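Asker: Got a structure here, written out as structure tokens. Questions coming.
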Amino acid sequence: MLGYLINIARDIVLPILIDRTETLLNRAEHGRRDTYLASSVDLGELERRMRECETDA
36 MLGYLINIAR DIVLPILIDR TETLLNRAEH GRRDTYLASS VDLGELERRM
86 RECETDA
């Protein structure tokens with residue numbers, strides 16, 4: 036019985052947990068990037084920051 040539960044955790048729960056964690060981290064990164072881009076003072080700075088974000092990805 037214990038082996039069965041361990042297999043379920045490994046085969047079902049762990050992939051779901053990894054996927055949800057990845058989603059949360061991506062949302063946090065997008066939020067930080069949006070805040071960084073929104074703090075640009077003019078169009079030139081926004082374009083520079085956008086290029087910077089593209090090269091970092």
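Counting in my numbering, the sequence shown runs from 36 upward without gaps. The C-beta atom is built at its ideal place from N, Cα and C for all residues, glycine as well. Small disclaimer: the values here were computed from a predicted structure and weren't measured.
(1) Where do the N-terminal and C-terminal ends of the alpha helix (DSSP H) with Ile51 fall, by residue?
(2) What is the DSSP secondary structure of Met85, counted as helix, strand or coil?
(3) Quick one: grab the DSSP three-state call for Asp91.
Answerer: In short, the structure shows the following:
(1) Note, Ile51: alpha helix (DSSP H), Leu49 to Ala73.
(2) Assigned with DSSP and collapsed to three states, Met85 falls in helix.
(3) helix
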